[in-house]
Amino acid sequence: MPEITEIEVQLNGQRLNLPDGATVRDIVAGHTKKHINEQGLAVDGSRLGIALAIDGDVIPRSAWASHTVAPGARIDLVTAAQGG
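Going by the numbering used here, the sequence shown opens with residue 123, and the numbers climb by one from there.
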């Protein structure tokens, strides 16, 4: 059985270990506790209200499923809030 390796990243300034090969979609799914499809939308049809940048570059929702996270990446995940 192959050994599962992990990488360390920074998510909103906090250390986080992820499986090697993790994608942006994996991070968003873990954060929202929702299944995310190939287009970066919640499978249940709900709105996510999330933007994500890696090392200062915003990752388009359409690339979440294919964008693999590199070791040492600095990830900023922002959730929209309502109110005023």
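C-beta: ideal position from N, C-alpha, C; glycine also.
Here V180 is exposed, its C-beta having fewer than 16 other C-beta atoms within 10 Å. Using a Cβ-Cβ distance cut-off of 8 angstroms, the stretch 133-141 and the stretch 163-179 are not in contact, since fewer than three pairs of beta carbons, one from each stretch, lie closer than that value. With a cutoff of 8 angstroms on beta-carbon distance, A202 and G152 are scored as not near each other. Closest option to T190, judged by alpha-carbon separation, among N139, T154, V200 and G143: G143.
In this structure, I197 sits away from I158, with a CB-CB distance that is not shorter than 8 angstroms. Of the residues Q161, I129, I126 and T154, the one whose Cα lies closest to the Cα of L199 is T154.
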